[in-house]
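Each protein sequence line maps, in turn, to chains L and V.
Here the first sequence stands for residues 1 to 112, where the numbers follow the working numbering.
Here the second sequence stands for residues 1001 to 1116, where the numbers follow the working numbering.
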Amino acid sequence: SQTIHQWPATLVQPVGSPLSLECTVEGTSNPNLYWYRQAAGRGLQLLFYSVGIGQISSEVPQNLSASRPQDRQFILSSKKLLLSDSGFYLCAWTRLAGDEQFFGPGTRLTVL
Amino acid sequence: AQSVTQPDIHITVSEGASLELRCNYSYGATPYLFWYVQSPGQGLQLLLKYFSGDTLVQGIKGFEAEFKRSQSSFNLRKPSVHWSDAAEYFCAVGGLNSGGYQKVTFGTGTKLQVIP
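Here you go:
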């Protein structure tokens, strides 16, 4: 069966510090991968998606970047965090275009 | 551009009562439609999905949803709510973009409170 992992589960970082959130998928190959940010009362905002290794598309301009160094690994990064980067970050994958998304447990990021 | 509207931010129902959560979408073609549920501090879990065919879709946990093209709606229903259904519910619309991947747009969610 397929599973998706995210870590860390929670993170508190000062403004201006770097960020690295990791997402890995097990039990499948060549998944489509997604990073979302969820802010209270604002639903899910798609940040990045990837259809293959090294292939990253950004949905919104921002302080964050993403990378996919391996087929089932998706990393969300920042060189300098802003207060507005606080939120709940969710990673998701799909097998096929149009199929349901499977979500990870999320990372709660607080920037102070 | 595709969009999803969930007009109810918060709904309170009594345990055992029926439930309907509203969802309206905007999409240029036949959409892929989803309902997800999220418990506090957790990821999202798929309740049901509509791609084509029968417009009344059955999902997990006794939920169902009906696709009404003429109203651009995909409302979620449950005949009798249980206390464990208290959570946040997200409607989503999906479709292929020019890059061939599935772009999914989520609504802002409806928080369901269940009272005894």
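A virtual CB, placed ideally from N, CA and C, is assigned to each residue, including glycine.
Amino acids of chain V, ordered along the chain, whose beta-carbon sits closer than 9 Å to that of residue i
| i | result |
| --- | --- |
| Q101/L | F1034, Y1036, L1044, L1046, A1092, G1094, Q1102, V1104 |
| P105/L | G1041, Q1042, G1043 |
Per-residue contacts from residue i into chain L (C-beta, under 8 Å)
| i | result |
| --- | --- |
| K1078/V | None at all; the shortest Cβ gap to chain L is about 19 Å. |
Outcome for residue i when other beta-carbon atoms lying within 10 angstroms are tallied against a minimum of 16
| i | result |
| --- | --- |
| W1083/V | exposed |
| Q1058/V | exposed |
| G1043/V | buried |
| K1068/V | exposed |
| E1088/V | buried |
| P1031/V | buried |
| V15/L | exposed |
| K79/L | exposed |
| L1021/V | buried |
| V60/L | exposed |
| T1055/V | exposed |
| P31/L | buried |
| A1065/V | buried |
Closer than 7 Å: residue i CB and nearest the ligand SAM heavy atom
| i | result |
| --- | --- |
| T94/L | With respect to the ligand SAM, the structure offers nothing, as it holds no ligand at all. |
Short Cβ contact (8 Å threshold) for residue i with residue j
| i | j | result |
| --- | --- | --- |
| R72/L | I56/L | no |
| Y49/L | L90/L | no |
| W93/L | V25/L | yes |
| S1018/V | S1003/V | no |
| Q2/L | T28/L | yes |
| L33/L | L109/L | no |
| Q1045/V | F1090/V | no |
| T107/L | A40/L | no |
| K1049/V | E100/L | yes |
| T1108/V | R42/L | yes |
| S1080/V | G1016/V | yes |
| L46/L | L64/L | no |
Closer than 9 Å at the beta carbon, the chain L residues around residue i
| i | result |
| --- | --- |
| G1016/V | Under the 9 Å cutoff, chain L gives no residues; its nearest Cβ is about 29 Å from G1016/V. |
| K1049/V | D99, E100 |
Proximity to residue i [Cα-Cα], best of the options
| i | options | result |
| --- | --- | --- |
| Q13/L | P61/L, L82/L, T94/L, S29/L | L82/L |
| T1005/V | Q1045/V, A1017/V, F1034/V, Q1113/V | F1034/V |
| P114/L | D99/L, G104/L, G106/L, L76/L | This structure cannot settle anything about residue 114/L, because the visible part of chain L is limited to 1 through 112. |
| R1077/V | A1086/V, Y1050/V, Q1045/V, G1062/V | G1062/V |
| V1114/V | L1047/V, D1008/V, T1012/V | T1012/V |
| L44/L | E1066/V, A1092/V, L1112/V | A1092/V |
| Q23/L | A39/L, V60/L, H5/L, Q38/L | Reading off the sequence shown, one finds Cys at residue 23/L, where the question assumed Gln. For C23/L, the nearest C-alpha among the options comes from H5/L. |
| L1112/V | N1024/V, Y1036/V, T1055/V | Y1036/V |
| V111/L | S58/L, L46/L, G104/L, S86/L | S86/L |
| G1094/V | A1029/V, G1016/V, L1047/V | A1029/V |
| V104/L | G1041/V, F1074/V, G1053/V | Contrary to the premise, residue 104/L reads as Gly rather than Val in this sequence. Comparing Cα positions, the closest option is G1041/V. |
| F102/L | S1014/V, L1047/V, N1024/V, A1001/V | L1047/V |
Amino acids of chain V, ordered along the chain, whose beta-carbon sits closer than 7 Å to that of residue i
| i | result |
| --- | --- |
| T94/L | Q1102 |
Amino acids of chain L, ordered along the chain, whose beta-carbon sits closer than 7 Å to that of residue i
| i | result |
| --- | --- |
| V1109/V | The amino acid occupying residue 1109/V in the given sequence is Gly; Val does not appear at that position. In chain order: G43. |
Partners in chain V for residue i, counting only beta-carbon separations shorter than 8 Å
| i | result |
| --- | --- |
| G52/L | Those within 8 Å of G52/L in chain V number zero; the least Cβ separation is about 10 Å. |
Of the residues that make up the stretch 17–34 of chain L, which ones have a beta carbon closer than 7 Å to any beta carbon in chain V? N32
Can you list, in chain order, the residues of the stretch 79–91 of chain L whose Cβ is nearer than 9 Å to any Cβ on chain V? F88, L90, C91
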